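Enquirer: First the structure, then my questions, so here it is.
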Amino acid sequence: MRVLITGAAGFIGFHLCRYFLQQGHEVVGLDNLNPYYSPDLKQARLTRLEQWDNFAFSRVSLEDQEAMEEVFRKNTFSHVLHMAAQAGVRYSLTHPRTYVNSNLVGFENILECCRHHSALEHLVFASSSSVYGLNTRMPFSEHHNADHPVSLYAASKKANELMAHTYSYLYSIPCTGLRFFTVYGPWGRPDMAYFLFTESILNDRPISVFNFGRMRRDFTYIDDAVEGVFRVAFAPPRPDPQWSGEELDPATSSVPYRIYNIGNNQTVELERFIEVLEQCLGKQARKEYHPLQPGDVPCTYADIDDLTRDVGYSPRTPIEEGIPQFVDWYKAYYRSGGP
Numbered sequence: 000m001r002v003l004i005t006g007a008a009g010f011i012g013f014h015l016c017r018y019f020l021q022q023g024h025e026v027v028g029l030d031n032l033n034p035y036y037s038p039d040l041k042q043a044r045l046t047r048l049e050q051w052d053n054f055a056f057s058r059v060s061l062e063d064q065e066a067m068e069e070v071f072r073k074n075t076f077s078h079v080l081h082m083a084a085q086a087g088v089r090y091s092l093t094h095p096r097t098y099v100n101s102n103l104v105g106f107e108n109i110l111e112c113c114r115h116h117s118a119l120e121h122l123v124f125a126s127s128s129s130v131y132g133l134n135t136r137m138p139f140s141e142h143h144n145a146d147h148p149v150s151l152y153a154a155s156k157k158a159n160e161l162m163a164h165t166y167s168y169l170y171s172i173p174c175t176g177l178r179f180f181t182v183y184g185p186w187g188r189p190d191m192a193y194f195l196f197t198e199s200i201l202n203d204r205p206i207s208v209f210n211f212g213r214m215r216r217d218f219t220y221i222d223d224a225v226e227g228v229f230r231v232a233f234a235p236p237r238p239d240p241q242w243s244g245e246e247l248d249p250a251t252s253s254v255p256y257r258i259y260n261i262g263n264n265q266t267v268e269l270e271r272f273i274e275v276l277e278q279c280l281g282k283q284a285r286k287e288y289h290p291l292q293p294g295d296v297p298c299t300y301a302d303i304d305d306l307t308r309d310v311g312y313s314p315r316t317p318i319e320e321g322i323p324q325f326v327d328w329y330k331a332y333y334r335s336g337g338p
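When you line the sequence shown up against numbering that gives the first Met the number 0, it's residues 0 to 338, in that order.
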């Protein structure tokens, strides 16, 4: 198989590339190495991927239509795994245009390239638990309504789901969207809370704990998330014969389209997450409590029954095992001077 993985130098994209390479597949990685967070970290991930003979890299921005079309002209892809996006809820409050360009224009370019690529068997794209927005019915199910996002980032991800459904309907492209729930682990994103907490605790700086500590998250370890994506890639959706236009199910369709949650299926108090992090670091955190930030939600909790039933997804990593692995990587990476 030759697979295109966008966001190859990003957190999930990097791990996904490495997993496919280890399974013997040819991988073409795409990334623009933008400076949203340290390009050095992105380059360090990329350097490790380039050690594989079956890996090729193209530095391309999603919104560059001609460059994207050139990537597809030069390659025959059986699968496209679209992990690239402008991430971050709070950044979307101050840089909205960036999300329009990358997450909307960029995804439209992906869809158009897939439309004209006859060899394609499956498009898998990253959505987000953020799409659930004001929904408070727990656990979050793909079958629940998700039409009330509270950030432009979340709205752009919901728009991606709608765009993909349209292309699946018009051009019969098998499309699966994956709503990721707080993925963490080695080589993670420096803008994520657990990364910022670790940096601050080790440097004797206070950490900001929002919603006065009343936060809960479905923390998903990176290895579990990547195995889930790999399983989904080889299970393209089929039209659901039970789907009805009179009782609309947002998770399935009469066309080859599917939405799945990909989480750990349990919600953990942020204070507990910090406690485990303190134990691993051997230092206590100095906490500063703040109100809930605009665009954020107090709790996430994934219903993963559909993903378990359809592809055998079974997350195995509690935070008591995942956090130590992140801390070990963090200390080793920065002790060696980073890249």
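Using N, Cα and C, we set each Cβ at its ideal position, and we do this for glycine too. Note that this is a predicted model, so its numbers are computed, not measured.
I'd like to check one pair, THR197 with TYR288: are the Cβ atoms closer than 8 Å?
Expert: As a first step, residue 288 is located in the sequence shown; it is residue number 289 there, counting from the start. As a first step, residue 197 is located in the sequence shown; it is residue number 198 there, counting from the start. No, they are not a contact pair.
Enquirer: Tell me the DSSP secondary structure of ASP304 in three-state form.
Expert: If you number the sequence shown from 1, residue 304 lands on position 305. Helix at ASP304.
Enquirer: Give the single residue among MET191, LYS286 and TYR152 whose Cα lies nearest to the Cα of GLY132.
Expert: Residue mapping note: residue 132 aligns to position 133 of the sequence shown, counting from 1. Checked all of MET191, LYS286 and TYR152; the closest Cα to GLY132 is TYR152.
Enquirer: From which residue to which residue does the alpha helix (DSSP H) around ARG339 run?
Expert: A question about residue 339 goes unanswered here, because the residues of the chain that appear run from 0 up to 338.
Enquirer: Excluding the 5 residues flanking ASN74 on each side, which residues of the same chain have their C-beta closer than 8 Å to its C-beta?
Expert: Taking the sequence shown and counting its residues from 1, the one referred to as residue 74 is at position 75. So the qualifying residues of the chain are ARG1, LEU3 and VAL27.
Enquirer: Do you know how far the Cα of MET137 is from the Cα of TYR300?
Expert: On the sequence shown, position 301 is the one that residue 300 refers to. On the sequence shown, position 138 is the one that residue 137 refers to. Here the C-alpha atom of TYR300 lies approximately 6 Å from the C-alpha atom of MET137.
Enquirer: Compute the Euclidean distance between the alpha carbons of ARG315 and TYR90, then round it to the nearest angstrom.
Expert: For the purposes of this step, residue 315 is taken as the residue at position 316 of the sequence shown. For the purposes of this step, residue 90 is taken as the residue at position 91 of the sequence shown. If I take the Cα positions, the gap works out to 31 Å.
Enquirer: Let me know the secondary structure DSSP gives HIS14 once reduced to three states.
Expert: Taking the sequence shown and counting its residues from 1, the one referred to as residue 14 is at position 15. It is helical.
Enquirer: Taking the beta carbon of GLY244 as the centre, do at least 16 other beta carbons fall within 10 Å, making it buried, or is it exposed?
Expert: Taking the first residue of the sequence shown as position 1, residue 244 is located at position 245. Classification of GLY244: exposed, given that the 10 Å Cβ count is below 16.
Enquirer: Comparing alpha-carbon positions, which option in ALA84, ASP30 and GLY187 lies nearest ASN100?
Expert: For the purposes of this step, residue 100 is taken as the residue at position 101 of the sequence shown. Ranking the options by Cα distance to ASN100, first place goes to ALA84.
Enquirer: Using only the alpha-carbon positions, how far apart do ASP302 and ALA232 sit?
Expert: Counting from one through the sequence shown, the residue named residue 302 turns up at place 303. Counting from one through the sequence shown, the residue named residue 232 turns up at place 233. C-alpha separation (whole angstroms): 20 Å.
Enquirer: At what residue ranges does the region 252-307 contain a whole run of the alpha helix (DSSP H), taking only runs of 4 or more?
Expert: Complete alpha helix (DSSP H) runs here, min 4: 269-280.
Enquirer: DSSP three-state call for LEU32: helix, strand or coil?
Expert: Taking the first residue of the sequence shown as position 1, residue 32 is located at position 33. Shown here, LEU32 sits in coil according to DSSP, grouped into three states, outside any helix or strand.
Enquirer: Would DSSP call PHE76 helix, strand or coil?
Expert: The sequence position of residue 76 within the sequence shown is 77, counting from 1. Note: PHE76 maps to coil in three-state DSSP.
Enquirer: Give me, in chain order, the residues of the same chain whose beta-carbon lies closer than 8 Å to that of ARG188; leave out the 5 immediate sequence neighbours on both sides.
Expert: The count along the sequence shown starts at 1 and reaches residue 188 at position 189. Only GLY9, PHE10, TYR36, ALA86 and PHE194 meet the Cβ criterion.
Enquirer: Can you check which of these residues, LEU119, GLY281 and GLN283, is closest to SER171 by C-alpha distance?
Expert: Within the sequence shown, the letter at position 172 stands for residue 171. Here the closest residue by C-alpha is LEU119.
Enquirer: Which partner residues does CYS174 have in the DSSP bridge list?
Expert: Indexing the sequence shown from 1 puts residue 174 at position 175. Partner(s): LEU122 and TYR256.
Enquirer: For the beta strand (DSSP E) that contains ALA55, what are its first and last residues?
Expert: For this step, residue 55 is matched to residue 56 along the sequence shown. 54-58 is the extent of the beta strand (DSSP E) around ALA55.
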